[in-house]
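J.: I am attaching a structure below and will ask some questions about it afterwards.
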Amino acid sequence: MSNAVELPRGWPDTPPLLISERLTLRAFRQQDASAIHKLFSSPQTARMASSIPVPFHPHAANGWISCRSGYFARGQGISWAVVESSSGLTIGDIGLFVRTGHENWEIGYAIMEEFAGNGYATEASRTVMQWGASTLGFRTVTAGHFADNPASGRVLQKTGFVPTGESQMWYSLARGEKSLGLSYIWTADDTTAPSRQSAS
Ligand SMILES: CC(C)(COP(=O)(O)OP(=O)(O)OC[C@H]1O[C@@H](n2cnc3c(N)ncnc32)[C@H](O)[C@@H]1OP(=O)(O)O)[C@@H](O)C(=O)NCCC(=O)NCCS
Numbered sequence: 147m148s149n150a151v152e153l154p155r156g157w158p159d160t161p162p163l164l165i166s167e168r169l170t171l172r173a174f175r176q177q178d179a180s181a182i183h184k185l186f187s188s189p190q191t192a193r194m195a196s197s198i199p200v201p202f203h204p205h206a207a208n209g210w211i212s213c214r215s216g217y218f219a220r221g222q223g224i225s226w227a228v229v230e231s232s233s234g235l236t237i238g239d240i241g242l243f244v245r246t247g248h249e250n251w252e253i254g255y256a257i258m259e260e261f262a263g264n265g266y267a268t269e270a271s272r273t274v275m276q277w278g279a280s281t282l283g284f285r286t287v288t289a290g291h292f293a294d295n296p297a298s299g300r301v302l303q304k305t306g307f308v309p310t311g312e313s314q315m316w317y318s319l320a321r322g323e324k325s326l327g328l329s330y331i332w333t334a335d336d337t338t339a340p341s342r343q344s345a346s
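Residues in the sequence shown are numbered from 147 upward in steps of one, following the numbering used here.
This is how it looks when you write it as structure tokens:
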């Protein structure tokens, strides 16, 4: 019996370096731990995620980065540090995660509060979606946000996602309870595919 992990089609050896107009998306390093700690130490940011505790201990940032390496090695997810090219600062994270089989994916991201409002999340999400569509050949990508996080919904819509109309109660570790969540989907043959970038 083989213990070999079946990796998704097109899976790279390492998370690829992706360059956009203002951002560099690269593989995480343990040296990013202080940035990840800063990112998720914001209770407001943690509340928008499902599994970030409050308080977020500095050592949890190292564990978070190690988890991302594990997901990648098992073909379960690929994460990038979002680096502002002009400053060289790590300002957030973005990732694609396998949901069911190797056909359905999910996207997630976070940008530090002090860098929000500059279009960075949208630029990063368009970049990874374009890479994923062309390299992994995914057919559908799902996403979701808590109902009290309309900025994330705007990022998704600008990336070509559409609301599914479904809402569910999702648990958030930082909230310590379930809250209303809204679901979105991107499909490869949708006229809102990211290459169109119609919503600006
Ligand atoms: C949500 C988040 C990713 C947005 O990052 P960002 O870099 O500021 O996003 P962008 O600048 O690309 O786009 C934000 C959009 O939301 C809009 N927006 C911001 N606050 C809003 C609000 N309260 N209501 C509606 N729209 C809002 C902005 O105007 C912008 O849209 P526009 O370009 O049409 O004007 C960032 O705030 C974040 O990381 N939050 C915490 C973690 C999180 O929510 N992650 C996603 C989990 S689903």
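From the three backbone atoms N, C-alpha and C, an ideal C-beta is built for every residue, glycine too.
(1) In chain order, which beta strand (DSSP E) runs of at least 3 residues are fully inside the segment 289-330?
(2) Could you check whether the Cβ of Pro-296 sits closer than 7 angstroms to any heavy atom belonging to ligand 2?
(3) Please name the residue in Glu-312, Leu-153, His-291 and Gly-290 whose C-alpha comes closest to that of Phe-218.
(4) Below 8 angstroms between beta carbons: does that hold for Val-287 and Leu-171?
(5) Are the segment 214-230 and the segment 325-333 in contact at 8 angstroms, needing three or more beta carbon pairs?
(6) Mapping DSSP to helix, strand and coil, what is Ser-188?
(7) Looking only at C-alpha atoms, which of Trp-277, Thr-281 and Trp-316 sits nearest to Gly-290?
(8) Which first and last residues belong to the alpha helix (DSSP H) in which Phe-218 is found?
(9) May I ask whether a heavy atom of ligand 1 can be found less than 7 angstroms away from the beta carbon of Ala-256?
(10) Using 8 angstroms as the Cβ pair cut-off and three pairs as the minimum, do the segment 302-311 and the segment 172-186 touch?
(11) Counting along the chain, where does the beta strand (DSSP E) carrying Ser-225 start and finish?
(12) Starting from Arg-252 and walking both ways along the beta strand (DSSP E), at which residues does that stretch end?
(13) On the CB-based measure, 16 or more other CB atoms within 10 Å of its CB, does Gly-278 come out buried or exposed?
(14) What are the residues that DSSP puts in a beta bridge with Asp-159?
(15) Going by C-alpha distance, which of Ala-206, Asp-159, Gly-283 and Pro-296 is nearest His-114?
(16) If we count Cβ pairs, one from each stretch, closer than 8 angstroms, do we get three or more for the segment 187-201 versus the segment 157-170?
T.: Inspection of the coordinates gives the following:
(1) 308-318
(2) In terms of ligand content, the structure shown lacks ligand 2 and carries ligand 1 instead.
(3) Leu-153
(4) no
(5) no
(6) coil
(7) Trp-316
(8) 204-219
(9) yes
(10) no
(11) 223-230
(12) Inspection of the sequence shows that residue 252 is occupied by Glu rather than by Arg. 250-257 is the span of the beta strand (DSSP E), which, as asked, contains Glu-252.
(13) buried
(14) Bridge partners of Asp-159: none, in fact.
(15) Look at the range of the chain in this structure, 147 to 346, and you will see that residue 114 is not part of it.
(16) no
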